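S.K.:
Right, here's the structure in full:
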């Protein structure tokens, strides 16, 4: 029972913090109750209660038959409102304890134990994921926040500087050299992520293409080349790369390719530039081994007292 309460508290805390820090920006969807329950080891009723609490606090809207959506009101999750919510929740809990006849000193001891255990298990470090564009940075941040159980904030590569060298910075391995350069040698807390194409997406692409060529499109040319390299390990057909940053290269695919595979960020542009050509999206997934390395760093307190504030 105590573990279930801790898991629910962690899920509530992590998601609230992620909303307030902009990891889940206004208008974005939160994880479904099923996914939230699986990730934090709680039941779906508990996940549902957490989301109804957020709705009561005007953090989210609850559209029918869809995951919760972060409210566009920027004032809905202010620190003052959060402190008031914590105070009210604690007062209700303390009232229940008193009505049950629990001694005040025992309650104080228990609260201190829970607080110490929580912050020793989930230290208050800043954790970032660095990417080259906002959409993928937010996707990685949301995925890592959910799977690591701590808030991971998105940051763009061109906004990195040496002042972040004391925080934990995660980035796909293909950006690792860029991150190290931006941090000016302060790279002790930088960890790479092994990223691959989602297996179900690969199967869908393989079913669409027979002999090729296959068009491979991303926003930037190097992104298209990375996607081509990922696909080439699984799909053995000729491939032609293009980028929506250079629309003429995408238009030249018309009549040359069987179908096109693209990233979510480039998908709408590709469909507009190539009417009638079958288009499908590839979503990246993060290797579990990379996640375990990050978990070990957090559990071991690898960031120590070096975190920049």
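Numbering (our numbering), first residue to last: 6 to 314. Where is the CB? At the ideal position from N, CA and C, for every residue including glycine. Keep in mind the model is a prediction, meaning the values are calculated, not measured.
Going by beta-carbon coordinates alone, are residue 259 and residue 203 separated by less than 8 Å?
M.R.: Cβ atoms of residue 259 and residue 203: not closer than 8 Å.
S.K.: List the whole-angstrom C-beta distance separating residue 146 from residue 28, where the pair is believed to meet the contact cut-off of C-beta under 8 Å.
M.R.: With 8 Å as the limit, residue 146 and residue 28 qualify as a contact, their Cβ atoms being about 5 Å apart.
S.K.: Going by alpha carbons, who is nearest to residue 62 out of 91, 139 and 52?
M.R.: When only C-alpha atoms are compared, the closest one is 91.
S.K.: Tell me which residue opens and which closes the beta strand (DSSP E) that residue 284 is part of.
M.R.: Unbroken beta strand (DSSP E) run through residue 284: 284-286.
S.K.: Here's a check: name, in chain order, each residue in its chain whose Cβ is nearer than 6 Å to the Cβ of residue 198, leaving out the five neighbours to either side.
M.R.: Result list for residue 198: 175, 177, 291 and 295, in chain order.
S.K.: Determine, using beta-carbon pairs with one atom in the region 210-223 and one in the region 149-161, whether at least three such pairs fall under 8 Å.
M.R.: No, the region 210-223 does not touch the region 149-161.
S.K.: Is residue 180 near residue 162, with beta carbons less than 8 Å apart?
M.R.: Taking 8 Å as the Cβ cut-off, residue 180 and residue 162 qualify as a contacting pair.
S.K.: Leaving out five residues before and five after residue 41 in sequence, what residues of the same chain have Cβ atoms less than 7 Å from its Cβ?
M.R.: These residues qualify, in order along the chain: 16 and 52.
S.K.: What does a CB cutoff of less than 6 Å around residue 228 pick up in its chain, not counting 5 residues either side in sequence?
M.R.: Excluding positions up to five away in sequence, the list is empty.
S.K.: Taking DSSP as the reference, what is the three-state secondary structure of residue 153?
M.R.: Helix at residue 153.
S.K.: DSSP beta-bridge partners for residue 244?
M.R.: In DSSP, residue 244 forms a bridge with 219.
S.K.: Threshold first: 4 residues or longer. Then list the alpha helix (DSSP H) segments lying entirely within the region 41-85, N to C.
M.R.: Fully enclosed alpha helix (DSSP H) runs of 4 or longer: 49-61.
S.K.: Along the chain, where does the beta strand (DSSP E) that runs through residue 197 open and close?
M.R.: Unbroken beta strand (DSSP E) run through residue 197: 195-198.
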